[in-house]
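**Q** Residue numbers (the working numbering): 2 to 204.
I'd like to ask you about the structure that follows.
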């Protein structure tokens, strides 16, 4: 019986994820709310699965532009996941980053900077240089620094990251052409952002 319940929870979450990817947001939201209720009833509100479910629901609300509604869920999810995994666990980074994104929209870029910096610090400490997760969160930090009128620190965080991503792309060319192409795309995006930051600093 328990195995059947667990299979239903997984199936419900997977269906909601697929609907989200298809842009069917109303249906995805309903499915994610059901998945959260299912996990709450089965495992309680302290479990990692519950934290992930709440985070996924909040990210769906973000996709609909409902950042103010997403904030409580993201704060709750992050608290659950940090208590369950530890504060500095790399698997928490994207939830921290998502919370920062909604804070940026609702409260402004300056209010979001501490969380963006926390996400970058954890990812840098726990992932290899140039890792895609680190690229994502560092790019978001740099964009937010630019939005808050701080081009010089944006240039600094981008410089080290671009070097690491370029090194990762160069290494990938020897073993995986598809991965190398993705890494070089990230490098180009970073260099474009560096140019924007340098322009903002100059003018």
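C-beta atoms are modelled at their ideal positions from N, C-alpha and C, and glycine is treated no differently.
Which ranges does the beta strand (DSSP E) cover as unbroken runs of at least 3 residues, wholly within the segment 21-75, from first to last along the chain?
**A** Correct list: empty.
**Q** Do you know how far the Cα of residue 134 is from the Cα of residue 156?
**A** Looking up residue 156 in the chain shown gives position 155. Looking up residue 134 in the chain shown gives position 133. If I take the Cα positions, the gap works out to 19 Å.
**Q** Let me confirm a value: residue 115 is counted as buried when at least 16 other C-beta atoms fall within 10 Å, else exposed. Which label applies?
**A** The residue you call residue 115 lines up with position 114 of the chain shown. Exposed, by the Cβ-count rule.
**Q** Please report the straight-line C-alpha distance between residue 86 and residue 137, rounded to a whole angstrom.
**A** Within the chain shown, numbered from 1, the residue matching residue 86 stands at position 85. Within the chain shown, numbered from 1, the residue matching residue 137 stands at position 136. Roughly 21 Å between the two C-alpha positions.
**Q** With H, G and I counted as helix, E and B as strand and the rest as coil, what does DSSP make of residue 89?
**A** Indexing the chain shown from 1 puts residue 89 at position 88. Residue 89: coil per DSSP, three-state reduction.
**Q** Thinking just about the alpha-carbon of each residue, which of 23, 57 and 47 is nearest to the one in residue 36?
**A** Position 35 of the chain shown holds residue 36. Nearest option by C-alpha distance: 57.
**Q** Could you give the C-beta distance for residue 26 and residue 65, rounded to a whole number, given that I count them as a contact under 8 Å?
**A** To locate residue 26, count along the chain shown from 1; it is residue 25. To locate residue 65, count along the chain shown from 1; it is residue 64. Going by Cβ atoms, the distance from residue 26 to residue 65 rounds to 5 Å, so yes, they are a contact pair.
**Q** For residue 146, report the span of its alpha helix (DSSP H) as first-last.
**A** Within the chain shown, the letter at position 145 stands for residue 146. Start and end: 133-148.
**Q** Taking the continuous alpha helix (DSSP H) assigned at residue 115, which residues delimit it?
**A** If you number the chain shown from 1, residue 115 lands on position 114. It spans 110-127 - the alpha helix (DSSP H) in which residue 115 sits, taken as one unbroken run.
**Q** Measure how close the beta-carbons of residue 152 and residue 201 come, nearest whole angstrom, since I'm counting them as under 8 Å.
**A** Residue mapping note: residue 152 aligns to position 151 of the chain shown, counting from 1. Residue mapping note: residue 201 aligns to position 200 of the chain shown, counting from 1. The pair is a contact, with the Cβ atoms about 4 Å apart (cut-off 8 Å).
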